[in-house]
Amino acid sequence: MKKILITGNDNIWAIENYYCKYLIELGVDVKILPTNSMIDEKIAKSLFLKILRKFGFMSIYRASNRLLLDTVLSFKPDILWVFKGTEILPATLKEIKKMGIKLVNYNPDHPFIRTFAANGGKNIEQCIPLYDLHFCYSRDLCHRIKSNYNIPTVHLPFGFELSEEIYDSIKTEPEVHKVAFIGNPDKERSRIVELLASQGISIDVFGFGWDKYLGANEHIQIFNAINGREFWSAMRKYRINLNIFRPHNVDSHNMRTFEIPACGGIMLAPESQEHNDFFESGKEIFTYRDDRDLIDKCKYILGLTIQEAAQIRINARNASITKEYSYKKNAERVFNSLTSLYTT
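Encoded structure:
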């Protein structure tokens, strides 16, 4: 295995970037073709294209699929690794497969639970049996694909990418004795934020569009989306960083699962089998079962002494490092899986 072509997203927050970076360090020639980014950029500028995507018209993806085929012909990869695949058509994968190129997929959303138009249309499921290997963030998804399609799967959880330089710069910042939620809104997330506020719990939310979901409330403050050092700083300094699942993450985990503990943040997240497997609840993270438990846990964590909270932060950080939850370690596992796939 000498060459891998990754198709997906190249935005600053895209996990494709991490895998590209570390696979290159492992000696692989890797190229990212941001077909998903290109589509999203075009759709953001056109109401007509938004409507076409909403109603599942595949014609909006033809140009990106032609570009993918042209890039495959010129780059000549050994493996095509598709991230998500909302813009990939089955006919395109069939053409590439005829060239003897191994096809791999990693959908960080979910191929079967597609809540938003941006999560993809019917082509997502139609492409599933065409891949030679599926990386899945969820163990349940691994089992479902392997069972239903008889295709090899590898459990590939999310991870964290946090430099020592940034970690050292944020670990001594003064604590903000409030709850924070970092992420974009939906009905369930706004419901939970308002629930906490109704109990007199102060919460700061960071993301795009929160003002469209939340009314004025003395216990809620709305801030713009954050990234880079500001993102890590907020997760570190707030007493509680709330994690709220999307529908496709239920009983699994999401990106915040690893990002919050990695910076020494105190995470309060939905209880799930995978959360229980990754971290020790009450020592490294906290989990909640329902609304009542969420409120009680918030009040409990806010009531911890500074020393008690500091120990939770230490435990969370240590667990993240010793259990090797970084994207660098994930990339090593990916490298081994792709090497085995290519040699079979």
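By our numbering, the letter at position 160 of the sequence shown is numbered 160, and the numbering carries on one by one without gaps. Here a beta-carbon is modelled for each residue, glycine too, at the ideal position from N, C-alpha and C.
For R239, three-class secondary structure by DSSP:
strand
Going along the chain, which unbroken runs of the beta strand (DSSP E) with 3 or more residues stay wholly within the stretch 65-150?
79-83, 102-106 and 133-136
Does M99 pass the burial test, meaning 16 or more other C-beta atoms within 10 Å, or should it be called exposed?
exposed
Indicate whether A197 and H219 have their beta-carbon atoms separated by less than 8 Å.
yes
Hey, could you find the ends of the beta strand (DSSP E) F286 is sitting in?
F286 to Y288
Under 8 Å, do G209 and P185 count as touching if we go by C-beta distance?
yes
Starting from V193, follow the beta strand (DSSP E) in both directions and report where the run begins and ends.
First-last for V193: K187 to S198, but that is the alpha helix (DSSP H), not the beta strand (DSSP E).
What's the C-alpha gap between H134 and H155?
9 Å
Any contact between the stretch 311-331 and the stretch 153-170? By contact I mean 3 or more CB pairs, one from each, below 8 Å.
yes
With a Cβ-Cβ cutoff of 8 Å, do R229 and S138 count as a contact?
no
Measuring straight from C-alpha to C-alpha, what distance separates S320 and F231?
18 Å
Note down, in chain order, each residue of its chain lying with its Cβ closer than 8 Å to the Cβ of K2, except the 5 sequence neighbours on either side.
V28, D29 and D78
Going straight from the alpha carbon of R62 to that of L33, what length do you get?
15 Å
N-terminal and C-terminal residue of the beta strand (DSSP E) that K328 is part of
Element bounds for K328: not the beta strand (DSSP E) but the alpha helix (DSSP H), Y327 to T343.
Quick check: the Cα distance between Y106 and L242, rounded to an integer number of angstroms?
26 Å
DSSP three-state label for F55, please.
Only weak support is given to the placement of F55: the predicted model assigns it a pLDDT of 47, under 50, and the value that follows is read from those uncertain coordinates. It is coil, neither helix nor strand.
Whole-number beta carbon distance between I240 and L302, since they are thought to touch under 8 Å:
7 Å
6 Å CB neighbourhood of V176 in its chain, flanking five on each side removed:
K237 and Y238
From T7 to T344, what distance separates their C-alpha atoms?
23 Å
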